Amino acid sequence: MKQRIVAILFCASLLLAYIAQAEVPTVKLKVKAHFAMPDILVPDFSKSKKLLITDFGAVQGDKIKTSQAIAKATTEANKLGGGIVVIPEGEWLTGKIHLKSNVNLHLNKGAVLLFSENPDDYLPAVHSTWEGLECLNYSPLIYAYECKNIAITGEGELKAKLDVWKEWYARPKPHMESIKRLYNLAAAYTPVDERQMVNDTAHLRPQFIQFNRSENILLEGVTITNSPFWTIHPYLSKNVVIRKVKVYAHGHNNDGVDPEMSQNVLIEDCVFDQGDDAIAIKSGRNPEGWRLKTPSKNIVIRNCIVKNGHQLVAIGSELSGGIENVDISNCQVIDGAKLNHLLFIKTNERMGGYVKNIYASNLTAGKIDLGVLGIETDVLYQWRTLVPTTIRKLTPISDVYLSNITVKDVQFESRILGQKELPVKNVSMKNIVTNTIHDKKEIHENVLNFQN
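In my numbering, the protein residues as written are 1262 to 1713.
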């Protein structure tokens, strides 16, 4: 009898160990691009158990119970080695959500996750970023740190209440002094856990969704409405698919997607209606990019629609880790949209990094306030007067290819403002159709080997 009990306990321990080691399977997604694009690993939750948040105590209108229920269901899904946390139809008020490995947060049709406007609901502070600088800040509304095989899917809506965040859109002197302090901490290579930015003056708004140092990520189908700061932020992550997502965010710094120091990224079939860039590719500001040495690389953007935004795609200005292999194709900016450029590459004398192998093809737009392509090498924004240039590192920009683009109305087709010390090299614009040009077709300074 004793031996049988020992055997049963042994088998049970093996089973528990197996479950603990189990993880969601992945499938390989092959993506065509103008460069050798690696296969992207995508998590497959088709055989995972569904965990309804109401079974864990969620109650509509009760922020605390719903937040706790989502956290409990997430923990259970992780323990199972894979699970789907289901948000049913209806509006569910919640605080922060922290994902774990092998978890799919799924919103049924008609489900709305409404995120609290109370900053205290996003404490304690987590390892996050502000405009390319790492720090301890308010938790993103949905946050994944060092996770593997994660997803946010469904036909529901993620919505942020903006009552407080919109009051933080302004940049008064205390806020500016705080980001100056953060800049100097990063420049001194101060450890991130000593860069505490949650206080009464900084008011550094959190991202809506941040995938931080994570891999095998799927974001599919959901609608995202409003955002305190950048909307979707894959940071130091790899194997990221963002598909059939609708984003509406018209506050300050409300980019749609900001892949930063991330690799093997696919953004497709999405709709963006932004108060800032639809997509902005970044790789760290100044010493942060130099310290982490991780370029944003192998990024494919296709079949997207932009209703409003500053640019269809921006590259920079935070690009100190380098950006290469970006393919933008078959995207449409609707007629009447507010837009500055289709492609805008921006840097400054402090960034360093590099930009190369950028492709844009088969794009259409109506009236654009500026032009098809902009490249500027002296974009400093508020930093020009906040802090001096202490280390000067120019950004080599080369191999930028645009083709088969139709735009109704522009100020120029291309404005490329390179630096005399380091001209922009190898830019090609083939089959660009612009019906009306109000200024010059080409406004160029310090450009080598421009072809059209």
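Virtual Cβ for every residue (Gly too), placed ideally from N, Cα, C. A quick note: this is a predicted structure, and the numbers were derived from the prediction, not measured.
Taking a contact as a CB-CB distance under 8 Å, the pair asparagine 1365 and serine 1309 counts as one, their CB atoms being some 7 Å apart. At a Cβ-Cβ threshold of 8 Å, valine 1616 and leucine 1580 count as neighbours. C-alpha of leucine 1663 to C-alpha of leucine 1480: approximately 28 Å in a straight line. The alpha-carbon separation between threonine 1656 and valine 1532 amounts to approximately 31 Å.
Just so you know, the alpha carbons of lysine 1422 and lysine 1568 end up roughly 22 Å apart. Per the coordinates, the alpha-carbon of proline 1548 lies some 34 Å from the alpha-carbon of serine 1377.
Just measuring C-alpha positions, the residue of Ile1542, Arg1474 and Asp1670 sitting nearest leucine 1604 is Ile1542.
Within the model, the alpha-carbon separation for threonine 1555 versus leucine 1573 is close to 24 Å. Secondary structure note for leucine 1709: its beta strand (DSSP E) is the uninterrupted segment 1708-1712. DSSP places methionine 1612 outside both helix and strand once states are collapsed to three, so it counts as coil. Taking 8 Å as the upper bound for CB-CB distance, leucine 1368 and glycine 1417 are in contact here, some 3 Å apart. Residue environment analysis places aspartate 1300 among the exposed positions, since fewer than 16 neighbouring C-beta atoms fall within 10 angstroms of its C-beta. Every unbroken stretch of the beta strand (DSSP E) spanning 3 or more residues and falling wholly within the region 1377-1441 is given here in chain order: 1387-1391, 1394-1398, 1403-1406, 1409-1415 and 1418-1421. Considering only Ala1621, Leu1312 and Thr1414, the residue with the shortest C-alpha distance to valine 1688 is Ala1621. Taking the Cα positions, alanine 1338 is about 14 Å away from isoleucine 1348. For arginine 1563, the uninterrupted beta strand (DSSP E) run begins and ends at 1557-1563, by DSSP.
A distance of 8 Å or more separates the beta carbons of aspartate 1537 and asparagine 1559.
Counting along the chain, the unbroken beta strand (DSSP E) around glutamate 1637 starts and ends at 1632-1637. Within a 10 Å sphere around the beta-carbon of alanine 1449 sit fewer than 16 other beta-carbons, which makes this residue exposed. 8 Å or more divides the Cβ of threonine 1327 from the Cβ of threonine 1287.
Excluding five sequence positions before and after valine 1508, the CB atoms of its chain that fall closer than 6 Å to its own CB belong to Ile1485, Thr1492, Gly1517 and Phe1533, given in chain order.
Judged by DSSP in its simplified three-state form, asparagine 1363 adopts coil rather than helix or strand. Here leucine 1709 is exposed, its C-beta having fewer than 16 other C-beta atoms within 10 Å. Short of 7 Å from the beta carbon of lysine 1701, and not among the five residues preceding or following it, lie these beta carbons of its own chain, in chain order: Phe1673.
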